[in-house]
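Everything below concerns the one structure shown next.
Residue numbers (my numbering): 4 to 144.
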(Lines of atoms letter the chains of each structure in order from A and count residues from 1; the text may use other names and numbers.)
(Lines give C-alpha, C1' and ligand atoms only; values in the text may rest on other atoms or scores of the structure.)
Protein backbone atom coordinates (compact mmCIF):
# COMPACT_ATOMS: atom_id res chain seq x y z
CA UNK A 1 0.00 0.00 0.00
CA UNK A 2 1.36 3.40 -0.99
CA UNK A 3 1.53 5.72 2.02
CA UNK A 4 3.24 8.63 0.27
CA UNK A 5 1.27 11.86 0.60
CA UNK A 6 -0.47 12.89 -2.61
CA UNK A 7 0.60 16.17 -4.15
CA UNK A 8 -1.75 17.47 -6.80
CA UNK A 9 -0.52 19.49 -9.75
CA UNK A 10 -3.91 21.21 -9.80
CA UNK A 11 -5.78 23.27 -7.23
CA UNK A 12 -9.38 24.03 -6.33
CA UNK A 13 -9.80 27.45 -4.73
CA UNK A 14 -12.86 29.29 -3.46
CA UNK A 15 -12.56 33.02 -2.79
CA UNK A 16 -15.24 34.60 -0.60
CA UNK A 17 -15.89 38.25 0.10
CA UNK A 18 -14.78 38.94 3.67
CA UNK A 19 -17.98 40.72 4.74
CA UNK A 20 -20.32 37.72 4.29
CA UNK A 21 -22.30 36.29 7.20
CA UNK A 22 -21.35 32.75 8.29
CA UNK A 23 -24.44 31.17 6.68
CA UNK A 24 -23.70 33.04 3.45
CA UNK A 25 -20.10 31.78 3.37
CA UNK A 26 -21.26 28.19 3.68
CA UNK A 27 -24.05 28.59 1.13
CA UNK A 28 -21.86 30.37 -1.42
CA UNK A 29 -19.06 27.80 -1.06
CA UNK A 30 -21.47 24.91 -1.61
CA UNK A 31 -22.98 26.49 -4.72
CA UNK A 32 -19.60 27.44 -6.20
CA UNK A 33 -17.95 24.04 -5.86
CA UNK A 34 -21.02 22.31 -7.31
CA UNK A 35 -20.32 24.22 -10.51
CA UNK A 36 -16.74 22.97 -10.69
CA UNK A 37 -17.78 19.36 -10.09
CA UNK A 38 -20.29 19.46 -12.92
CA UNK A 39 -17.96 21.19 -15.38
CA UNK A 40 -14.76 19.25 -14.61
CA UNK A 41 -15.87 15.66 -13.95
CA UNK A 42 -12.31 14.39 -13.41
CA UNK A 43 -12.28 16.38 -10.16
CA UNK A 44 -14.68 13.87 -8.66
CA UNK A 45 -13.20 10.70 -7.18
CA UNK A 46 -14.66 7.25 -6.71
CA UNK A 47 -17.74 6.50 -4.59
CA UNK A 48 -17.23 5.77 -0.89
CA UNK A 49 -18.27 2.64 0.96
CA UNK A 50 -18.20 1.87 4.67
CA UNK A 51 -17.21 -1.45 6.26
CA UNK A 52 -20.82 -2.66 6.09
CA UNK A 53 -20.96 -2.12 2.33
CA UNK A 54 -23.19 0.95 2.48
CA UNK A 55 -22.37 3.20 -0.47
CA UNK A 56 -21.96 6.97 -0.44
CA UNK A 57 -21.60 9.58 -3.14
CA UNK A 58 -18.15 10.42 -4.51
CA UNK A 59 -16.53 13.72 -3.57
CA UNK A 60 -13.71 15.82 -4.96
CA UNK A 61 -10.47 13.89 -5.18
CA UNK A 62 -8.45 16.77 -3.79
CA UNK A 63 -8.82 19.44 -1.10
CA UNK A 64 -10.76 22.66 -1.64
CA UNK A 65 -8.85 25.68 -0.33
CA UNK A 66 -11.03 28.55 0.85
CA UNK A 67 -9.77 32.14 0.80
CA UNK A 68 -11.28 35.50 1.63
CA UNK A 69 -10.74 39.03 0.42
CA UNK A 70 -12.39 42.34 -0.23
CA UNK A 71 -14.39 43.44 -3.27
CA UNK A 72 -11.27 44.57 -5.12
CA UNK A 73 -9.53 41.24 -4.48
CA UNK A 74 -12.55 39.39 -5.89
CA UNK A 75 -12.72 41.61 -9.00
CA UNK A 76 -9.00 41.18 -9.61
CA UNK A 77 -9.15 37.40 -9.14
CA UNK A 78 -12.15 37.19 -11.47
CA UNK A 79 -10.26 39.06 -14.18
CA UNK A 80 -7.21 36.85 -13.71
CA UNK A 81 -9.33 33.68 -13.92
CA UNK A 82 -10.92 34.89 -17.16
CA UNK A 83 -7.53 35.93 -18.60
CA UNK A 84 -6.14 32.46 -17.81
CA UNK A 85 -9.29 30.71 -19.13
CA UNK A 86 -9.63 28.77 -15.87
CA UNK A 87 -12.89 26.94 -15.17
CA UNK A 88 -14.69 29.44 -12.96
CA UNK A 89 -17.96 29.67 -11.02
CA UNK A 90 -19.32 32.99 -9.73
CA UNK A 91 -21.81 33.93 -7.03
CA UNK A 92 -23.12 37.49 -7.06
CA UNK A 93 -24.92 39.39 -4.31
CA UNK A 94 -28.12 39.27 -6.38
CA UNK A 95 -28.32 35.50 -5.98
CA UNK A 96 -29.21 35.90 -2.30
CA UNK A 97 -32.58 37.31 -3.45
CA UNK A 98 -33.45 34.49 -5.86
CA UNK A 99 -34.78 31.07 -5.00
CA UNK A 100 -34.07 28.86 -7.99
CA UNK A 101 -31.57 28.09 -10.71
CA UNK A 102 -33.53 29.81 -13.50
CA UNK A 103 -33.67 33.09 -11.57
CA UNK A 104 -30.03 32.74 -10.52
CA UNK A 105 -28.90 32.46 -14.13
CA UNK A 106 -31.13 35.39 -15.15
CA UNK A 107 -29.68 37.57 -12.35
CA UNK A 108 -26.11 36.93 -13.56
CA UNK A 109 -27.06 37.31 -17.24
CA UNK A 110 -28.59 40.75 -16.56
CA UNK A 111 -25.25 42.28 -15.49
CA UNK A 112 -22.18 42.98 -17.68
CA UNK A 113 -18.98 41.17 -16.61
CA UNK A 114 -17.36 44.32 -15.24
CA UNK A 115 -20.48 45.13 -13.19
CA UNK A 116 -20.89 41.80 -11.42
CA UNK A 117 -21.15 42.33 -7.65
CA UNK A 118 -19.12 39.23 -6.77
CA UNK A 119 -19.37 37.70 -3.32
CA UNK A 120 -17.72 34.43 -4.28
CA UNK A 121 -15.60 32.81 -6.95
CA UNK A 122 -14.37 29.25 -7.45
CA UNK A 123 -11.54 28.34 -9.81
CA UNK A 124 -9.75 25.17 -10.81
CA UNK A 125 -6.56 24.65 -12.76
CA UNK A 126 -2.80 24.22 -12.57
CA UNK A 127 -1.49 25.06 -9.10
CA UNK A 128 0.60 28.03 -10.17
CA UNK A 129 -2.21 29.54 -12.29
CA UNK A 130 -4.70 29.27 -9.41
CA UNK A 131 -2.12 30.64 -6.95
CA UNK A 132 -1.60 33.66 -9.22
CA UNK A 133 -5.35 34.08 -9.63
CA UNK A 134 -6.07 34.31 -5.88
CA UNK A 135 -2.88 36.24 -5.07
CA UNK A 136 -3.65 38.91 -2.51
CA UNK A 137 -6.36 36.88 -0.79
CA UNK A 138 -5.82 35.27 2.59
CA UNK A 139 -6.76 31.81 3.78
CA UNK A 140 -10.23 31.76 5.30
CA UNK A 141 -9.96 31.72 9.11
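In this text, a Cβ means the ideal position worked out from N, Cα and C, and glycines have one as well.
Predicted, not measured: the structure shown is a model, and the values here were computed from it.
For residue 100, which three-state DSSP category applies?
Working through the chain shown from its first residue, we reach residue 100 at position 97. Correct three-state label for residue 100: helix.
Tell me which same chain residues have a C-beta within less than 8 Å of the C-beta of residue 94, skipping the five on either side of it?
Looking up residue 94 in the chain shown gives position 91. Excluding positions up to five away in sequence, the list reads 31, 34, 35, 121, 122, 123, 124.
Residues in the same chain with beta-carbon distance under 6 Å from residue 105, minus the five sequence neighbours each way, listed in chain order, please.
By 1-based counting over the chain shown, the position of residue 105 is 102. Result list for residue 105: empty, nothing under 6 Å.
Counting only runs of 4+ residues fully inside the stretch 9-89, write out the alpha helix (DSSP H) ranges in chain order.
Runs of the alpha helix (DSSP H) lying entirely within the stretch 9-89, each at least 4 residues long, are 25-42, 74-86 in chain order.
Per DSSP, the bridge partner or partners of residue 128:
In the chain shown, counting from the first residue as 1, residue 128 sits at position 125. Its beta-bridge partners are 14.
Between residue 84 and residue 91, is the Cβ-Cβ spacing less than 9 Å?
Numbered from 1 along the chain shown, position 81 holds the residue referred to as residue 84. Numbered from 1 along the chain shown, position 88 holds the residue referred to as residue 91. Closer than 9 Å, so yes.
Cα-Cα, which of 118, 97, 134, 48 is closest to residue 110?
Translated into the one-based positions of the chain shown, residue 110 becomes position 107. Considering only alpha carbons, the answer is 97.
Per DSSP, what are the beta-bridge partners of residue 95 in this structure?
Translated into positions along the chain shown, residue 95 becomes position 92. 121, per the DSSP bridge assignment.
Label residue 56 either buried or exposed according to how many other C-beta atoms from any shown protein chain fall within 10 Å of its C-beta, with 16 as the threshold for buried.
Here residue 56 corresponds to residue number 53 of the chain shown, with the count starting at 1. Residue 56 is exposed by the Cβ-count criterion.
Cβ atoms of residue 137 and residue 88: under 9 Å apart, would you say?
Against the chain shown, residue 88 aligns to sequence position 85. Against the chain shown, residue 137 aligns to sequence position 134. Taking 9 Å as the Cβ cut-off, residue 88 and residue 137 do not qualify as a contacting pair.
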